[in-house]
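Visitor:
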Amino acid sequence: MYLSKPEVFSVPIRYINFDILGIEKNDIKKARHHVFIGVILPNQRESRWVRDKEAMEREARLREVNIKIEFNDFNIEKQRIAVEKLISEGVNALIITSIDNGDEASLVDKAKESGIKVIAYDLLIKNSEVDVYISFNIIRVGEFQGRYLTKNVPKGNYILLSGEPSEGLLREGAMTYIQPLIFMREIRVVTDQVVKGWDPDNAFKIVEESLAKSGNRVDAILAPNDAIAGASIKALENQGLAGKVAVTGQDADLAAIQRIIQGTQSMTVLKDSRELGKVAIETAIKLVEGKYIDYNAIKNNGKKDVPSILIEPIAIDKSNLYTTFKETEYYKDGF
Numbered sequence: 001m002y003l004s005k006p007e008v009f010s011v012p013i014r015y016i017n018f019d020i021l022g023i024e025k026n027d028i029k030k031a032r033h034h035v036f037i038g039v040i041l042p043n044q045r046e047s048r049w050v051r052d053k054e055a056m057e058r059e060a061r062l063r064e065v066n067i068k069i070e071f072n073d074f075n076i077e078k079q080r081i082a083v084e085k086l087i088s089e090g091v092n093a094l095i096i097t098s099i100d101n102g103d104e105a106s107l108v109d110k111a112k113e114s115g116i117k118v119i120a121y122d123l124l125i126k127n128s129e130v131d132v133y134i135s136f137n138i139i140r141v142g143e144f145q146g147r148y149l150t151k152n153v154p155k156g157n158y159i160l161l162s163g164e165p166s167e168g169l170l171r172e173g174a175m176t177y178i179q180p181l182i183f184m185r186e187i188r189v190v191t192d193q194v195v196k197g198w199d200p201d202n203a204f205k206i207v208e209e210s211l212a213k214s215g216n217r218v219d220a221i222l223a224p225n226d227a228i229a230g231a232s233i234k235a236l237e238n239q240g241l242a243g244k245v246a247v248t249g250q251d252a253d254l255a256a257i258q259r260i261i262q263g264t265q266s267m268t269v270l271k272d273s274r275e276l277g278k279v280a281i282e283t284a285i286k287l288v289e290g291k292y293i294d295y296n297a298i299k300n301n302g303k304k305d306v307p308s309i310l311i312e313p314i315a316i317d318k319s320n321l322y323t324t325f326k327e328t329e330y331y332k333d334g335f
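Per UniProt numbering, the sequence shown starts with residue 1, numbered consecutively.
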C-alpha cells in the first residue's frame, strides 16, 4: 500500500520544550555529544554511496554528534555483523540500507530491544518495526525511466532489468508506461530478468545473452541504475550497438553523465544524496531527542504504516544536463 500525502504533516513522537525547561543552547550541544548514530551503507565502489557517506559525515560534524559508518557489500551476513557491532558499541540511532527484505526484520528487532531508533534508508525494510523511512520518491524515478523509453522508443524489442533486492515501486513506476504498449503488442519483451546483488557483471552477462538470443535485435534497455546501465552499454559496444539502443539509468553517476554526453546512455535520474544524507542525520537526531518528525508520506511495510520522508528526483538527459548541474552544483568540478 502506498499513500501519498499532499502536504507535510507531523508525527508527535515526543516533544521537549527546552526553553520551558531552562536548558541553554550550549547544554543542548553538550547533550548532542551523547547522540551516537550508526550507519550501514551498501559499498564505497559507487559514487552514489560515497556521496551519501560524505553528506552524513558532514552533517554529523555540523550537528556535533558522533557517527560511525559500516558497509554491507550487499551481503546479508555482513549486514548482520555490522548491525550487531554497532549495537554493541552503543549507538542510539541506526540508519540501515536494506539489502534483503526478509532477514533484516530480525536485525531491526535486535536494535529496538536495545532502545535504538531505526531509520530505513533508501529501501524500506519489510515487516519490521522501523521508526522512519527516508528515501527518494522511487515510484517517480521509475516513471521517469518508463516515460522516457516509451516516448522515444514506442515500438520495438525491450530488455527489462531490475535489481535484487528489489524496490517494487521503481519497477511499478516504469511499467505504468511500458505495460500498456506490451498489451498493445507495440513492445516485445525479449528479456525480463533480475540482476542479483545489483552486480554490473551479472547485468553484462544478461544483456550479452539477450543480444545473442535476439540476434542483436534490441531497441531499448530498462536499466534500473547507472552501474547496470554501464554494464549494459559495454555489452552493446561489443556488438557495435552503443548509442543505437536507448538505455535508462539512475543516480547520475559521473560515468553516466559522460555516457549521456557521448550519446551511449539516454538518460539518468538525479537523486541528490547530499540532501538525503543530511535529512537522515537530522531525523536521527530528532528521534533520539524525542522531537517531532515531519514527513510527507506513509508507506506500509507489511507490518505497520511507516512515517516516510520522500525527496523528489530529477530526470536528466542531454536537453537539461548542463542547466541542472549548474543549478544544483552537484558536480562543482565539472564532468
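No residue lacks a Cβ here, since even glycine has one placed at the ideal position from N, Cα and C.
1) Establish whether the CB of Pro313 and some CB of chain B are separated by less than 9 Å.
2) Assuming Lys126 and Ala105 form a contact by the criterion Cβ under 8 Å, report the distance between their Cβ atoms to the nearest whole angstrom.
3) Am I right that Leu123 and Ser98 are in contact with their C-beta atoms under 8 Å? What's the rounded C-beta distance?
4) Quick one: what's Arg188 bridged to in DSSP?
5) Classify Asn320 as helix, strand or coil using the three-state DSSP reduction.
6) So, for Arg147: in the same chain, excluding its five sequence neighbours on each side, which residues have a beta-carbon less than 6 Å away from its beta-carbon?
7) Can you tell which of Gln193, Asp305, Leu254 has its C-alpha closest to the C-alpha of Gly163?
8) Check whether the Cβ atoms of Ile69 and Gly90 lie closer than 9 Å to each other.
9) Once the 5 residues before and after Tyr322 are set aside, which same chain residues still bring their CB inside 8 Å of it?
10) Alpha carbons only, please: which of Pro42, Asn43, Asn157, Lys53 is nearest the one belonging to Glu275?
11) Could you check which residue in Asp201, Gln239, Gly142 has the C-alpha nearest to that of Lys213?
12) Quick one: what's Pro307 bridged to in DSSP?
13) Once the 5 residues before and after Ile119 are set aside, which same chain residues still bring their CB inside 8 Å of it?
14) Can you give me the C-alpha to C-alpha distance between Lys196 and Val35, rounded to a whole angstrom?
15) Taking its Cβ as the centre, do 16 or more other Cβ atoms sit within 10 Å of Gln44, making it buried, or is it exposed?
16) Which residue's Cα is closest to the Cα of Asp199: Val306, Arg48, Asn225?
17) Applying the criterion that 16 or more other CB atoms from any shown protein chain within 10 Å of the CB defines a buried residue, is residue 365 buried or exposed?
18) Which word fits Ile257, buried or exposed, when buried means at least 16 other C-beta atoms lie within 10 angstroms of its C-beta?
19) Measuring straight from C-alpha to C-alpha, what distance separates Asp305 and Ala297?
20) State yes or no: is the C-beta of Ile311 within less than 9 Å of the C-beta of Asn137?
21) Please list, in chain order, all residues of the same chain as Ile87 whose beta carbon is under 7 Å from its beta carbon, the five residues on each side excluded.
22) Just list the residues that DSSP pairs Ala315 with in beta bridges.
23) Name the residue from Gln250, Glu289, Glu237 whose alpha carbon lies nearest to the alpha carbon of Leu222.
24) Can you grab the Cα-Cα spacing for the pair Ile81 / Phe74, in whole Å?
25) What is the DSSP secondary structure of Ala220, counted as helix, strand or coil?
26) Mind listing, in chain order, the continuous beta strand (DSSP E) runs of no fewer than 3 residues lying wholly within the stretch 37 to 108?
27) In or out: Pro180 buried (at least 16 other Cβ within 10 Å) or exposed?
28) Report yes if the CB atom of Asp270 is closer than 9 Å to the CB atom of Pro307, and no otherwise.
29) Between Phe204 and Ala246, which are expected to be in contact by the criterion C-beta below 8 Å, what is the C-beta distance as a whole number of angstroms?
30) Within this structure, are the beta carbons of Asp201 and Ser47 separated by less than 9 Å?
31) Please report the distance separating the alpha-carbon of Lys151 from that of Met175.
32) Tell me where the alpha helix (DSSP H) around Val207 begins and ends.
33) Classify Asp219: buried if its beta carbon has 16 or more other beta carbons within 10 angstroms, exposed otherwise.
34) In the DSSP assignment, the alpha helix (DSSP H) including Tyr292 goes from what residue to what residue?
Guide: Concretely, from the data shown:
1) Absent here is chain B; the protein component of the structure consists of one chain.
2) That belief holds up - the Cβ atoms of Lys126 and Ala105 are roughly 7 Å apart, short of 8 Å.
3) With 8 Å as the limit, Leu123 and Ser98 qualify as a contact, their Cβ atoms being about 4 Å apart.
4) Paired residue(s): Asn157.
5) Residue state, collapsed to three classes: coil.
6) Take Arg147, set aside five residues on each side of it, and the residues of its chain with a beta-carbon closer than 6 Å to its own are Tyr177, in chain order.
7) The candidate whose alpha carbon is nearest that of Gly163 is Gln193.
8) Ile69 places its beta carbon 9 Å or farther from that of Gly90.
9) Nothing meets the Cβ criterion.
10) For the options Pro42, Asn43, Asn157, Lys53, the alpha carbon positioned closest to that of Glu275 is the one of Lys53.
11) Cα-wise, what sits closest to Lys213 is Gln239.
12) Beta-bridge pairing links Pro307 to Ile298.
13) Excluding sequence neighbours, Ile119 sits near Ala93, Leu94, Ile95, Ile96, Val130, Asp131, Val132, Tyr133, Ile134, Ala280, Thr283, Ala284, Leu287.
14) Take the alpha-carbon of Lys196 and the one of Val35: they are about 36 Å apart.
15) So Gln44 counts as exposed.
16) For Asp199, the nearest C-alpha among the options comes from Asn225.
17) With the chain covering 1 to 335 only, the question about residue 365 has no answer from this structure.
18) It is buried - the Cβ of Ile257 has at least 16 other Cβ atoms within 10 Å.
19) Spanning the two alpha carbons is a distance of roughly 10 Å.
20) In this structure, Asn137 lies closer than 9 Å to Ile311 by Cβ.
21) Same-chain partners within the cutoff: Lys110, Ala111, Ser114, Ile116.
22) Val269.
23) The shortest C-alpha separation from Leu222 is found at Gln250.
24) In a straight line, the C-alpha of Ile81 is about 13 Å away from that of Phe74.
25) In this structure, Ala220 counts as strand in the three-state DSSP scheme.
26) Runs of the beta strand (DSSP E) lying entirely within the stretch 37 to 108 and spanning at least 3 residues, in chain order: 66 to 71, 93 to 96.
27) Counting Cβ neighbours within 10 Å, Pro180 comes out exposed, since fewer than 16 surround it.
28) A small correction: the amino acid at residue 270 is Leu; Asp does not occupy that position in the sequence shown. No, the Cβ-Cβ distance between Leu270 and Pro307 is not below 9 Å.
29) Contact between Phe204 and Ala246 fails: their C-beta atoms lie close to 18 Å from each other, not under 8 Å.
30) It is not a contact, given that the beta carbons lie outside the stated cut-off.
31) Between Lys151 and Met175, the C-alpha separation is close to 13 Å.
32) Here the alpha helix (DSSP H) through Val207 covers 200 to 214.
33) By the 10 Å Cβ count, Asp219 comes out buried.
34) If you look at Tyr292, you'll find it isn't in any alpha helix (DSSP H); DSSP assigns it neither H nor E.
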